[in-house]
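**Q** Numbering (the numbering used here), first residue to last: 674 to 847.
Heads up, the beta-carbon is just placed ideally off N, CA and C, and yes, glycines get one too.
Here it is as structure tokens:
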């Protein structure tokens with residue numbers, strides 16, 4: 674086991690603390706500013722109000738966007754859970770030609786930056802499918818999101834299957 678001196682531990686804790694503060698300060702400021710009664714963001718906040726939260730709750734485009742997000746996330750979660758689990762069981766339990774290639778193709782979306790995947794899906798839909806008269810709508814968004822989510826499910830289920838005692842599967846067949 675690696676032993677660190679007190680100074681090294683203190684420096685590491687300071688660096689991690691700085692990075693956490695650096696990452697979470699904008700989020701904290703945004704949340705704090707959402708309670709600002711003024712229409713223009715300014716510091717210091719003169720008066721606090723929940724006016725903007727009430728506005729967001731009653732504003733139909735925000736409600737529609739929230740509903741769209743929940744529908745896409747739910748659909749992507751269902752598809753990713755099913756396919757990711759099936760892929761993990763197939764990769765763990767069977768030997769077949771091209772297994773390593775299939776494994777790379779399953780894990781590939783996590784290696785690509787999300788923006789690259791998003792632009793690729795957008796170009797595919799707008800340049801190839803839309804001119805052909807195929808409008809995917811929600812389904813296209815769900816497939817695009819599920820593509821990334823499948824990797825997460827696959828990695829977790831596959832790791833758990835690798836640690837599982839093979840005799841458990843044999844015992845369950847009785």
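Note down the Cα distance separating residue 807 from residue 727, rounded to an integer number of angstroms.
**A** As a working note, residue 807 is residue 134 in the chain shown. As a working note, residue 727 is residue 54 in the chain shown. Near 39 angstroms, if we compare the C-alpha coordinates of residue 727 and residue 807.
**Q** Compute the distance between the beta-carbons of residue 742 and residue 826, then report whether it is under 8 angstroms.
**A** For the purposes of this step, residue 742 is taken as residue 69 along the chain shown, with counting starting at 1. For the purposes of this step, residue 826 is taken as residue 153 along the chain shown, with counting starting at 1. The answer is no: Cβ separation not under 8 angstroms.
**Q** Could you name the residues that DSSP lists as bridge partners for residue 708?
**A** Residue 708 sits at position 35 when you count from the first residue of the chain shown. DSSP lists no partner for residue 708.
**Q** Return the chain-ordered list of same chain residues with a C-beta closer than 6 angstroms to the C-beta of residue 725, the five sequence neighbours on each side being excluded.
**A** Reading the chain shown from its first residue, position 52 is the one you call residue 725. Cβ within range, chain order: 707.
**Q** Can you round the beta-carbon distance between residue 779 and residue 760 to whole angstroms, since I take them to be within the 8 angstroms contact cut?
**A** As a first step, residue 779 must be located in the chain shown, where it is residue number 106. As a first step, residue 760 must be located in the chain shown, where it is residue number 87. The pair is a contact, with the Cβ atoms about 6 angstroms apart (cut-off 8 angstroms).
**Q** Please confirm if the segment 761-771 is in contact with the segment 807-818, defined as three or more CB-CB distances below 8 angstroms between the two stretches.
**A** As far as the Cβ criterion goes, the segment 761-771 does not touch the segment 807-818, which means the pair count is below three.
**Q** The alpha helix (DSSP H) with residue 843 in it runs from where to where?
**A** As a working mapping, residue 843 is identified with position 170 in the chain shown. Segment 839-845, the alpha helix (DSSP H) holding residue 843.
**Q** What is the DSSP secondary structure of residue 769, reduced to helix, strand or coil?
**A** What you label residue 769 is simply residue 96 of the chain shown in a count that begins at 1. It is coil, neither helix nor strand.
**Q** Provide the residue span of the alpha helix (DSSP H) that contains residue 787, from first to last.
**A** By 1-based counting over the chain shown, the position of residue 787 is 114. Here the alpha helix (DSSP H) through residue 787 covers 787-797.
**Q** Below 8 angstroms between beta carbons: does that hold for residue 771 and residue 823?
**A** Position 98 of the chain shown, counting from 1, holds the residue named residue 771. Position 150 of the chain shown, counting from 1, holds the residue named residue 823. Cβ distance not < 8 angstroms, so residue 771 and residue 823 don't count as in contact.
**Q** Just to check my reading of the structure: residue 702 and residue 815 have Cβ atoms closer than 8 angstroms, yes? What is that Cβ distance to the nearest angstrom?
**A** On the chain shown, position 29 is the one that residue 702 refers to. On the chain shown, position 142 is the one that residue 815 refers to. Actually they do not touch by this definition, with Cβ atoms about 33 angstroms apart.
**Q** Is it buried or exposed, residue 846, if we count other Cβ atoms within 10 angstroms and call 16 or more buried?
**A** Indexing the chain shown from 1 puts residue 846 at position 173. Around the C-beta of residue 846, fewer than 16 other C-beta atoms lie within 10 Å, and the residue is accordingly described as exposed.
**Q** For residue 748 and residue 677, what's the separation of their Cα atoms in angstroms?
**A** In the chain shown, counting from the first residue as 1, residue 748 sits at position 75. In the chain shown, counting from the first residue as 1, residue 677 sits at position 4. If you take the alpha carbons of residue 748 and residue 677, they lie about 47 angstroms apart.
**Q** Can you check DSSP and say which residues form a bridge with residue 721?
**A** Position 48 of the chain shown, counted from the start, is the residue given in the question as residue 721. Per DSSP, 709.
**Q** Is the beta carbon of residue 794 less than 8 angstroms from the beta carbon of residue 817?
**A** As a working note, residue 794 is residue 121 in the chain shown. As a working note, residue 817 is residue 144 in the chain shown. It is a contact, given that the beta carbons lie within the stated cut-off.
**Q** From the DSSP output, in three-state form, read off residue 688 for me.
**A** Taking the first residue of the chain shown as position 1, residue 688 is located at position 15. If DSSP states are grouped into helix, strand and coil, residue 688 belongs with the helices.
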